[in-house]
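Undergrad: Residue numbers (my numbering), protein chains in the order written: chain A, 1 to 318; chain B, 1 to 318; chain C, 1 to 318.
In this text, a Cβ means the ideal position worked out from N, Cα and C, and glycines have one as well.
Before anything else, here's the structure in question.
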Amino acid sequence: MKHCQLSGLCQAIGVVWSGEDKIITGLNTLDEATPSHVSFFNHEKHSAQLQKTQAAGVLIEARYAHLLPPHTAPLIADEPYLKLALASKLFRHTVTTKSQAPKIGVDCDIDPSVRFGCGVVIGDRVTILAGCYIGDDAVIGPDTMLYANVTLYHQTHIGARCIIHSGTVIGSDGYGFAQTKAGEHVKIYQNGNVIIENDVEIGANCAIDRGVFGATVIAQGSKLDNLVHIAHNCKVGAYALLTSQVGLAGSTTTGRNVVMGGQSGAAGHLHIGDFSTIAAKSGVTKSLKGYQTYAGFPAVEHRLWLKIQAKLSSLAKK
Amino acid sequence: MKHCQLSGLCQAIGVVWSGEDKIITGLNTLDEATPSHVSFFNHEKHSAQLQKTQAAGVLIEARYAHLLPPHTAPLIADEPYLKLALASKLFRHTVTTKSQAPKIGVDCDIDPSVRFGCGVVIGDRVTILAGCYIGDDAVIGPDTMLYANVTLYHQTHIGARCIIHSGTVIGSDGYGFAQTKAGEHVKIYQNGNVIIENDVEIGANCAIDRGVFGATVIAQGSKLDNLVHIAHNCKVGAYALLTSQVGLAGSTTTGRNVVMGGQSGAAGHLHIGDFSTIAAKSGVTKSLKGYQTYAGFPAVEHRLWLKIQAKLSSLAKK
Amino acid sequence: MKHCQLSGLCQAIGVVWSGEDKIITGLNTLDEATPSHVSFFNHEKHSAQLQKTQAAGVLIEARYAHLLPPHTAPLIADEPYLKLALASKLFRHTVTTKSQAPKIGVDCDIDPSVRFGCGVVIGDRVTILAGCYIGDDAVIGPDTMLYANVTLYHQTHIGARCIIHSGTVIGSDGYGFAQTKAGEHVKIYQNGNVIIENDVEIGANCAIDRGVFGATVIAQGSKLDNLVHIAHNCKVGAYALLTSQVGLAGSTTTGRNVVMGGQSGAAGHLHIGDFSTIAAKSGVTKSLKGYQTYAGFPAVEHRLWLKIQAKLSSLAKK
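Encoded structure:
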């Protein structure tokens, strides 16, 4: 894992800081930062988290610095999120074409055209068809099948008995950018990864992004149809059924046995409760309690949606 | 083709049965089952089909068994659909990396990086660019062009003069699962295939799933844009225009010269009549007669949709 | 570049013509045609453009021929658009598996499995991972990264410091067909290309079509998320943020710093003004002035959309 001194980090991104130096192993949110992480504060709605953070240092505007706990160094910046973007580059994994023979279990069937990065570990009885690419330090569990032309980025973890269909990409960069005052977008390097648990099946031409910090997770027994988009840091709960062309925006989580109909989607930073069913083409814009069916955009209880449709029909007849 | 004894099938999936043994060559719906097929009955709405089935045996709850015709053996199960899932595994094609030189017509231009399964047959003057994968027993008609990184699963049939753009996947598994009482999803192996007729063009990064039984069909002269999803057992009629990001759910069929606008979709098990035009972003939720334009979600006649929009506008002005 | 005599073109597509012969280098719209282009007139709404065209000749019905300027030859046809389709074939690039070592800059890192067409030019410090395909005459700027299994069609231009994620296809054919009276679709060969400017990032499994004539352009600093569709001849302005599953239909252009939410789309031949924000799932059906937020389908000002939603909610409560 990449790491640096806090002093070095500050120097690299142009933040003035002095104090006791520490080794920093990465970036994270205020909530999830450990004492070896640097975090950031860019919105007042996160004030409560500020006071409880374990972070070694927090990128923060001067006027908020007094809210930090004593063990956390203020890293003063006018635009903390932009500085975060700069800092993220320090922890990025450098992807190259360097290749190393993977560690392979027994009875595997791997096409000679498959290309591996370094440090790949493959379980027993894994099948990987032609044209797949398996990035550095990826792990594939036993009895898993990768059809042709699947791409796993570095550090992707695939569980046991999974089936990944052709064209699917797992571990691509999440969509995260900081904006400059001039309207330019500065990349926040996505240094997390993707974890696919056991017994997951993923259809063709899906895209599952790696976490910005931490992991994007597809929990056990979930089944994704074709052309599904899962953004960074989503946690799809166990036994989900995400049908074709569904999209989940960043950091949205679902409970267990959630069903989403075709071409439906959810905004970011929501929770979709256990046993929610989302009708086709719906758009979820706030968190849902679950144990029922929702429909429409914005998604509401299905019963209510039917009522709205009935009213519209009768309106049209007038 | 895979086959087994009916007795062996029952033993493998834990169904008690005795009677005259038969060779079973596959599974199918009540309607389409032949005397060498096993079928299933899991919903009362299919009662009429039950009485007319040709199936050798039907997975069925005991209370419905008396509805079967005399030539059809009752295969009694509390959860017939789950047993179907187990049985489907017996007929699956085992996909491996085993490769065999394909039978190739004259004047073909095939990149040396293309990987073939066994038993592939390629017509005259076919071009296949780098990175394509052509699975077992696939057939490609004359004068067809596959751009780079196309994936054809086993048993896919492509007609003459077709153009398949990069990243497109044809023949991936349909999305079919039986549910256990615990909420787990058990795979129904997709043992059908895909048939693309002559003069079809398919855009980039589409996904066309193989049939669960029988074929998914794209009929002659149809043109698909990019990122289109076609689920298992759809039959897209001749001269269709399916524009980008369209999705068809399972078993939906269309007449001829159907046009679907961008990001529109249709639910499963519907028929969209000849010369239907579906406006962009619409969602078809019931079968349509055709020869006109439909819009909205749920999709209605375009004229009605315009009326609803006008009412909404005037409402907003109040 | 392909070219032919005007006389040869007319003969090839079955148009009777006599006059002073010229070398024709391609086809184009009335507006953009140069004196070495042939153009077409198939709708009265383009009459104004007809009078100002620079084209060497225009495919046109006899009854409109008198509207042409004196320097432009009338190429009389009952179905000019069908003749255009036939003519487009004359200028198509013949794609083959022929390969040639590309011209490569310093300090590049290119996987040996990458396949190149002829005439490819690659800048300094470019990384290209396994399974990519780079078509004839493609150009890749310095410091650009192509993740595994990216496909660039012939003549695609990628700028400096771009990041293209896996599975993305750039330069596939635009979706253009002329219809016969029998309802068949005749391909209009897409002889333009795609230009990706500097500092663009494109997510996984996107599809960006080449221009029919001229270029499809993604301007500098734009960031596309996963599964985005960009049709032929779109011009995405600088610093756009197009999030996942967005679709732009043909020839639509955007100003700078346009933001489009997930699963939103725009119809063809529109302009979306500078600093427009389009909410998720919206569908843009007419040109937008910009500098504000739009929502819904058809997309309206966000304020108005909220009002409509409120009215719907109160209707449902009645």
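#1: Can you tell me which of the three DSSP states SER8(C) falls into?
#2: Classify HIS46(B) as helix, strand or coil using the three-state DSSP reduction.
#3: So TYR133(C) and THR151(C) are supposed to be a Cβ contact under 8 Å. How far apart are they, rounded?
#4: How is LEU319(C) classed by DSSP in three states: helix, strand or coil?
#5: Under a CB-based cut-off of 8 Å, is GLN292(C) close to chain A?
#6: Please decide whether SER244(B) counts as near chain C, where near means a Cβ-Cβ distance under 8 Å.
#7: Are the Cβ atoms of HIS3(A) and ILE23(A) separated by less than 8 Å?
#8: Around the Cβ of TYR291(B), are there at least 16 other Cβ atoms within 10 angstroms (buried) or fewer (exposed)?
#9: Between the region 121-139 of chain A and chain B, which residues of the former have CB atoms less than 9 Å from a CB of the latter, in chain order?
#10: Among ALA87(B), HIS66(B), LEU67(B), GLN309(B), which one has its Cα closest to the Cα of VAL212(B)?
#11: Could you pull out every unbroken beta strand (DSSP E) segment of at least 3 residues lying fully inside the region 130-204 of chain C, listed in chain order?
#12: Mind listing which residues of the region 210-227 of chain B have their C-beta closer than 7 Å to chain C's C-betas, in chain order?
#13: What does GLY268(C) pair with, by DSSP beta-bridge criteria?
#14: Which same chain residues, not among the five before or five after HIS157(C), have their C-beta less than 6 Å away from its C-beta?
#15: Using a Cβ cut-off of 7 Å, which residues of the region 158-177 of chain C contact any Cβ in chain B, in chain order?
#16: Flag this pair as touching only if the region 181-194 of chain B and the region 76-95 of chain B have three or more C-beta atom pairs under 8 Å; answer yes or no.
#17: Could you give the DSSP three-state label for LEU288(C): helix, strand or coil?
#18: How long is the line joining the alpha carbons of ILE278(C) and LYS307(C), rounded to whole angstroms?
#19: Looking at C-beta atoms only, is the number of pairs between the region 228-240 of chain C and the region 201-217 of chain A that lie closer than 8 Å three or more?
#20: Alpha carbon to alpha carbon, what distance is there between SER313(B) and GLY123(B)?
#21: List, from N- to C-terminal side, the beta strand (DSSP E) runs of 3 residues or more that fit wholly inside the region 43-115 of chain B.
#22: Return yes when the Cβ of LEU75(A) is within less than 8 Å of the Cβ of LEU50(A), no when it is not.
#23: Spatial neighbours of LYS83(B) within its chain, please: C-beta separation below 8 Å, excluding the five flanking residues on both sides.
#24: Step through the CB atoms of chain F and report whether any lies within less than 8 Å of the CB of ILE308(C).
#25: Since GLY247(B) meets chain A, which of its residues come closer than 8 Å, beta carbon to beta carbon?
#26: How long is the line joining the alpha carbons of LEU288(C) and HIS269(C), rounded to whole angstroms?
#27: Give the straight-line distance between the Cα atoms of GLY105(A) and ALA178(B), rounded to the nearest whole angstrom.
#28: Over what stretch of residues does the beta strand (DSSP E) that includes SER36(C) continue unbroken?
#29: Any beta carbon from chain A within less than 8 Å of THR326(B)'s own beta carbon?
#30: Could you confirm whether any beta carbon from chain C is found closer than 8 Å to the beta carbon of LYS311(A)?
#31: So which residues on chain B does LYS235(C) lean against when the C-beta distance must stay under 9 Å?
#32: Between the region 207-224 of chain C and the region 108-124 of chain C, are three or more C-beta pairs nearer than 8 Å?
#33: What's the call for LYS45(A), buried or exposed, on a 16-neighbour Cβ count within 10 Å?
#34: Restricting to Cα atoms, I'd like to know which of SER264(B), VAL95(B), VAL246(B) is closest to ASP137(B).
#35: Could you work out which residue in LYS311(A), ILE164(A), ILE110(A), SER264(A) is closest to SER222(A) when comparing CA atoms only?
#36: For the beta strand (DSSP E) containing ALA295(B), list its first residue and its last residue.
TA: Reading it off the structure:
#1: Working through the third sequence from its first residue, we reach residue 8(C) at position 8. Note that residue 8(C) is Gly in the sequence shown here, rather than Ser. In the three-state reduction of the DSSP assignment, GLY8(C) falls in the helix class, which pools H, G and I.
#2: Here residue 46(B) refers to the residue found at position 46 of the second sequence. Residue state, collapsed to three classes: helix.
#3: The sequence position of residue 133(C) within the third sequence is 133, counting from 1. The sequence position of residue 151(C) within the third sequence is 151, counting from 1. Their Cβ separation, rounded to whole angstroms, is 5 Å, which keeps TYR133(C) and THR151(C) in contact under 8 Å.
#4: A query on residue 319(C) cannot be resolved here, the shown segment of chain C reaching from 1 to 318 and no further.
#5: One-based indexing of the third sequence puts residue 292(C) at position 292. At a cut-off of 8 Å between beta carbons, GLN292(C) makes no contact with chain A.
#6: Here residue 244(B) refers to the residue found at position 244 of the second sequence. Against chain C, the CB of SER244(B) has a partner CB under 8 Å away; the residue lies at that interface.
#7: Numbered from its first residue, the first sequence carries residue 3(A) at position 3. Numbered from its first residue, the first sequence carries residue 23(A) at position 23. In contact: HIS3(A) and ILE23(A) (Cβ atoms closer than 8 Å).
#8: As a position in the second sequence, residue 291(B) is number 291, starting the count at 1. Exposed, because fewer than 16 other Cβ atoms sit within 10 Å of the Cβ of TYR291(B).
#9: Considering only beta carbons, the part of the region 121-139 of chain A lying closer than 9 Å to chain B consists of THR127, ILE128, LEU129, ALA130, GLY131, in chain order.
#10: Looking up residue 212(B) in the second sequence gives position 212. Measuring C-alpha to C-alpha distances from VAL212(B) to each of ALA87(B), HIS66(B), LEU67(B), GLN309(B) identifies ALA87(B) as the nearest.
#11: Segments of the beta strand (DSSP E) lying fully in the region 130-204 of chain C: 169-172, 177-179, 185-187, 193-196.
#12: So the list reads GLY221, LYS223, ASP225, ASN226, LEU227, given in the order they occur along the chain.
#13: By 1-based counting over the third sequence, the position of residue 268(C) is 268. Paired residues: none, contrary to the question.
#14: One-based indexing of the third sequence puts residue 157(C) at position 157. VAL139, ILE195.
#15: Interface annotation for the region 158-177 of chain C against chain B: GLY167, VAL169, SER172, ASP173, TYR175, PHE177, criterion Cβ-Cβ distance under 7 Å.
#16: Taking 8 Å as the limit for Cβ pairs, the verdict is that the region 76-95 of chain B does touch the region 181-194 of chain B.
#17: On the third sequence, residue 288(C) is found 288 positions in, with the first residue counted as 1. In the structure shown, the three-state DSSP call for LEU288(C) is strand.
#18: For the purposes of this step, residue 278(C) is taken as residue 278 along the third sequence, with counting starting at 1. For the purposes of this step, residue 307(C) is taken as residue 307 along the third sequence, with counting starting at 1. Cα-Cα distance, rounded: 17 Å.
#19: No contact exists between the region 228-240 of chain C and the region 201-217 of chain A.
#20: Your numbering for residue 123(B) matches position 123 in the second sequence. Your numbering for residue 313(B) matches position 313 in the second sequence. Within the model, the alpha-carbon separation for GLY123(B) versus SER313(B) is close to 57 Å.
#21: Counting whole runs of 3 or more residues, the region 43-115 of chain B contains the beta strand (DSSP E) stretches 57-60, 73-76.
#22: Along the first sequence, one-based indexing puts residue 50(A) at 50. Along the first sequence, one-based indexing puts residue 75(A) at 75. It is not a contact, given that the beta carbons lie outside the stated cut-off.
#23: Mapped onto the second sequence, residue 83(B) falls at position 83. Closer than 8 Å at Cβ, skipping near neighbours: ILE13, GLY14, VAL15, PHE40, LEU59, LEU75, ALA77.
#24: Absence of chain F from the displayed structure is noted, the protein chains being A, B and C.
#25: Start at 1 with the first residue of the second sequence, and residue 247(B) comes out as number 247. LEU227, SER244, GLN245, GLY262, GLN263, listed in chain order.
#26: Mapped onto the third sequence, residue 288(C) falls at position 288. Mapped onto the third sequence, residue 269(C) falls at position 269. Linking LEU288(C) to HIS269(C) through their CA atoms gives a straight-line distance of about 12 Å.
#27: Along the first sequence, read from residue 1 onward, the residue named residue 105(A) stands at position 105. Along the second sequence, read from residue 1 onward, the residue named residue 178(B) stands at position 178. In this structure, the alpha-carbon of GLY105(A) lies about 31 Å from that of ALA178(B).
#28: Taking the first residue of the third sequence as 1, we reach residue 36(C) at position 36. Counting along the chain, SER36(C) sits inside no beta strand (DSSP E), nor does DSSP assign it H or E at all.
#29: The structure shown does not extend to residue 326(B), since chain B spans only 1 to 318, so no value can be given for it.
#30: The sequence position of residue 311(A) within the first sequence is 311, counting from 1. LYS311(A) belongs to the set of residues whose beta carbon lies under 8 Å from a beta carbon in chain C.
#31: If you number the third sequence from 1, residue 235(C) lands on position 235. Against chain B, the beta carbon of LYS235(C) has no neighbour under 9 Å; the closest one sits roughly 17 Å away.
#32: The way I'd put it, the region 207-224 of chain C doesn't touch the region 108-124 of chain C; fewer than three beta-carbon pairs between them come closer than 8 Å.
#33: Counting from 1 along the first sequence, the entry for residue 45(A) is found at position 45. By the neighbour-count rule (16 or more Cβ atoms within 10 Å), LYS45(A) is not buried but exposed.
#34: Working through the second sequence from its first residue, we reach residue 137(B) at position 137. Taking only the C-alpha atoms, the option nearest ASP137(B) is VAL95(B).
#35: Here the question's residue 222(A) lines up with position 222 in the first sequence. SER222(A) has its Cα closest to that of ILE164(A), out of LYS311(A), ILE164(A), ILE110(A), SER264(A).
#36: Taking the first residue of the second sequence as position 1, residue 295(B) is located at position 295. Per DSSP, ALA295(B) belongs to the beta strand (DSSP E) from 293-295.
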